[in-house]
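Per the numbering used here, the very first residue in the sequence shown carries number 151; after that it's consecutive.
This report refers to the structure that appears directly beneath it.
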Amino acid sequence: MTEDLSPAERYAAARIRAVEEATALAPFRAMYEFDLDPFQIEACQALEAGKGVLVAAPTGSGKTIVGEFAVHLALEQGRKCFYTTPIKALSNQKYTDLVRRYGPEKVGLLTGDNSVNSEAPVVVMTTEVLRNMLYAGSQSLLGLGYVVMDEVHYLSDRFRGAVWEEVIIHLPESVTLVSLSATVSNAEEFGDWLDTVRGDTEVIVSEERPVPLWQHVMAGRRMHDLFEEETDHGGRGAGRREVNPDLVRMARMENQRTYNPRDRRRGKMVREADRERERRQRSRIWTPGRPEVIERLDAEGLLPAITFIFSRAGCEAAVQQCMHAGLRLNNDAARLKVREIVEQRTVAIPREDLHVLGYYEWLEGLERGIAAHHAGMLPTFKEVVEELFVRGLVKAVFATETLALGINMPARSVVLEKLVKWNGEQHADITPGEYTQLTGRAGRRGIDVEGHAVVLWQRAMDPTALAGLAGTRTYPLRSSFKPSYNMAVNLVQQFGRHRSRELLETSFAQFQADKSVVGISRQVQRNEEGLEGYREGMTCHLGDFEEYARLRRDLKDRETELAKQGAAQRRAAAATSLERLKPGDVIHVPTGKFAGLALVLDPGVPAGRTNGHRGFEQHDGPRPLVLTAERQVKRLASIDFPVPVEPLERMRIPKSFNPRSPQSRRDLASALRTKAGHIVPERRRKGRSEAADDREIARLRTELRAHPCHGCDEREDHARWAERYHRLQRDTQQLERRIEGRTNTIARTFDRIVALLTELDYLRADEVTDDGKRLARLYGELDLLASECLRAGVWEGLSPAELAACVSALVYEARQADDAVAPKVPAGRAKVALGEMVHIWGRLDALEEEFKINQAEGVGQREPDLGFAWAAYQWASDRSLDEVLREAEMPAGDFVRWTKQVIDVLGQVAAASPREGSTVAKNARKAVEALLRGVVAYSSVG
């Protein structure tokens, strides 16, 4: 090619090459066996030019190379680089990668429970660790040149997202920020905010997947393509994606009736031959079983595969099903290699714990090339599965969606069993963003020519809706930033109250809120124009129709108010009747999910705040615990009793009755049906309406009839315009209130938090008191409760195991509330201390209500949960893993995760507790030592 160039062109090309070779990027590119993609080069060049960068690209596209270039620049310039990740597993993975490249002396690791070479020029850490360093003014920040924030889209996470914004806002101006994100639909908006708070920031967005993704639906024995590719008639090959007509036909066929309505009207059934033909057609469509899916993928050469099942129990069941089906994906050599790696990685786990952890069943699955991966597993087991999968020694993994969050574990294929998952409140369809995140694992760069996403056929599946999921790239980044008590004292301590307020107004949350106000203002203007038109439409020649419409509204409002009063009186009567119930009363539950015959086990408690098994609970009336005729033990609410309830009969409850025993419930429910199953409850008769005797309603009706507009022939026409006018006016007023509410929202929340902290003497104007300085060292959801417990001396004199039990209530949160039985807690001093913690929380809860700090908005202290106290106490008391897990009824992975969080908070308590004359700091450290043993202590790096 160069021979075709003129001497001048050759000279210019040589100059360009010389300039490129003189950059830091040239030797960095030489470290890789493959050339960098255009988006990676663009981002690296922007970094070298001194700009911050935001890189938004699909999973597996190699955006971490930009982060690694920041590490390269820092080492070349003699500065430091902090590489932050959202989870410890990712930190461990990145630490291992960087040590392999730069050596252990140049790379360190800092996670919540581990510190390796923390003063190295390059330190990998979780984002929370960096946030804590910024607030503490750590000396390690000296010489910091670059911060890489991997998976920065985590700032949408409603529990931890605020930490990312805190770091971005508080990093020194001299630090260059490298933000790496999944593909988000508002990357430019996020980039604009970064530009505002961090200075010159280049936004680089890459939509292109490094490996093309093919979408399929597996139905019966066949795998159908989701899309039918068509090229345009111009022959340029621009693909237009149409849903596969075969799938549409299958969905239509499945929805067809077995009986023809016309035949049924004539009293005839469809002929047997027609029914047989339809049965044969449908027999080709079914949801294949899990072993069947893996065998099919294996036959098509589409392994390794990750099958996403939105349930831990489902993942474990899938492995068992594949093993019972005799599935073997590894040959003898691979099997031996698996055993060697597993034994090497688990050598530090105490032998006596292996059986409790299900080690031998887990190993058998691994030897066959099959494994589960979910949060309930021991961290070590998960790490081994990840390593074996990457090495190709595990070929089928059944995982929950947590696997999609950042772990470097790509597959050739991804299988989705269902397109519905439990979101903590209800079963909901997965979003396009979640679908993209899950299927993003399919296709290994440099290994696979293409990746495959396979959705299993389900009854009532809509292929068009699935195509919409697969074809949409809507994953907007939404801030979840909220001020907390700890944040408030740290900010005031560093910057004073006024400057802190200004800093919070620079958050991404406020940036998004302010931008949304522009659109609302435009809507208000349009509404005001519409109001003018409606006012003309309701004009009446006989009089003021606006006044007449107001009379009609007042009449309607009064009638509604009386109806509500009647409902409130009925609720009060129902609550009074519930308070009279006694254990052994047989009642009829009038409405709700558990309507029907029920036996009162515990009448519940009067209205107000009460000490429940998860701390204080707010009730609007008694909540009786009942056994239904269908053998369920449930705590009912006032909503289940819209009318008063009277006992139908009395029964004796055996002393041996255990609500957790299915047999015990079955026997008592049977006795209940025998005793009272024949009784029919009386139907209540409706009384006379309140509206019939109301003077205000009579007055309004008289005025309405006397009004001139009442006799207008077009009265109802005018009334329709008046109703539209009223509705639009009400909507406009709401929009105006939203504009007012969205301006300075974060700062207003901060003001309320500061006012409460001033009331409790943590702050005095811009001064942080000694108690405030203690609060500044306590991070976590219940930071203020922990500080109040230290101030009140609640934990003084507790043994290390008792202290561990108390601190567990600050971190643990049950996945599902259990109304039937209160959790077991240690007796003696620990029980008294836990009760005192709940009492303090009740006081704080009332104070938050007074200062309008709303937990529903993610601000404030949730109730402490005592559900892990017994497990923490037992483990700190040196009980065996078998005994602790059996009594806790908890998977090993959950137990380890919660214990490590307890250890983390105990460390904070030790650092924050008063030094002189206090036993808390010493016992907190002893509790950490007592908890950090066996499976809890063992981990690969972090």
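By construction, the Cβ of each residue, glycine as well, lies at the ideal position given by its N, Cα and C atoms.
These figures come from a predicted structure and were not determined experimentally.
| query | result |
| --- | --- |
| Once the 5 residues before and after M373 are set aside, which same chain residues still bring their CB inside 6 Å of it? | H366 |
| Look at F458 and A549 and say whether their C-beta atoms are less than 8 Å apart. | yes |
| Just list the residues that DSSP pairs Y510 with in beta bridges. | Answer by DSSP bridge pairing: none, since Y510 is not bridged. |
| Are there 16 or more other CB atoms within 10 angstroms of the CB of S211, so buried, or fewer, so exposed? | buried |
| Leaving out the 5 sequence neighbours to the left and right, which residues in its chain are closer than 8 Å to R386 when beta-carbon positions are compared? | Any reading at R386 must be qualified, since the residue scores a pLDDT of 33, below 50, and its modelled position is unreliable; no value is offered. |
| Return the chain-ordered list of same chain residues with a C-beta closer than 6 Å to the C-beta of S150, the five sequence neighbours on each side being excluded. | The requested residue 150 does not occur in the structure, where the chain is confined to residues 151 to 1092. |
| Just to check my reading of the structure: Y698 and W871 have Cβ atoms closer than 8 Å, yes? What is that Cβ distance to the nearest angstrom? | Contact flag wrong, Cβ pair sits at about 12 Å. |
| Considering only residues of the same chain and omitting the five flanking positions on each side of V1078, which have a CB-CB separation below 7 Å? | I1053, L1056, G1057 |
| Taking the alpha-carbon of H603 as reference, which of A522, V361, F531, H320 has the nearest alpha-carbon? | It is Ala, not His, that sits at residue 603 in the sequence shown. Among A522, V361, F531, H320, the Cα nearest to that of A603 belongs to V361. |
| Tell me the DSSP secondary structure of Q365 in three-state form. | strand |
| Please name the residue in A980, L906, A1080, P1041 whose C-alpha comes closest to that of L994. | L906 |
| How many Å lie between G258 and E533 at the Cα? | 20 Å |
| Is D598 buried or exposed, if buried means 16 or more other CB atoms sit within 10 Å of its CB? | buried |
| Can you tell me the Cα-Cα spacing of L654 and D790, whole angstroms? | 44 Å |
| From this set, V325, V795, R941, which residue's C-alpha is nearest R924's C-alpha? | R941 |
| Opposite R914 in the DSSP bridges: which residues? | E917 |
| Please report how far the alpha carbon of D187 lies from the alpha carbon of A174, in whole angstroms. | 17 Å |
| Does R495 come out as helix, strand or coil in the three-state DSSP assignment? | helix |
| Starting from the C-beta of R781, find all residues in its chain whose C-beta is less than 6 Å away, skip the five residues before and the five after it, and write them out in chain order. | R815, R816, A819 |
| Taking just the CA atoms, how far does R251 sit from C231? | 15 Å |
| What residues match up with Y173 in a beta bridge as DSSP calls it? | Correcting the residue type first, residue 173 is Thr in the shown sequence and not Tyr. DSSP output for T173 lists no bridge partner at all. |
| In whole angstroms, what is the alpha-carbon distance linking F219 and P626? | 27 Å |
| Taking 8 Å as the threshold (C-beta atoms), are W1020 and E1037 in contact? | yes |
| Once DSSP output is grouped into helix, strand and coil, what is the label at S1030? | coil |
| Compare the C-alpha of R902 against each of K632, Y510, R979 and name the closest. | K632 |
| Counting only runs of 3+ residues fully inside the region 276-359, write out the beta strand (DSSP E) ranges in chain order. | 294-299, 326-331, 351-355 |
| Would you tell me roughly how many angstroms separate the C-alpha atoms of M987 and T277, rounded to the nearest one? | 30 Å |
| Would you kindly check if the distance between the Cβ of L204 and the Cβ of A337 is under 8 Å? | yes |
| Find out if the Cβ-Cβ distance for the pair E352, A196 is shorter than 8 Å. | yes |
| If S356 and F189 are in contact, beta carbons under 8 Å, what's the gap, nearest whole angstrom? | 4 Å |
| Assign D482 to buried or exposed, taking buried as 16 or more other Cβ atoms, counted over all protein chains shown, within 10 Å of its Cβ. | exposed |
| By DSSP, does C472 sit in helix, in strand, or in coil? | helix |
| Would you mind working out which of M299, S650, A617 sits nearest R898, comparing C-alpha positions? | S650 |
| What distance in whole Å lies between the Cβ atoms of T778 and A748, which are believed to be in contact at a cut-off of 8 Å? | 5 Å |
| Within its chain, find whatever has a CB closer than 6 Å to the CB of P613; leave out the 5 residues flanking it on each side and keep chain order. | V393, L397, V398, A401 |
| Tell me whether I444 is buried or exposed, calling it buried when 16 or more other Cβ atoms sit within 10 Å of its Cβ. | buried |
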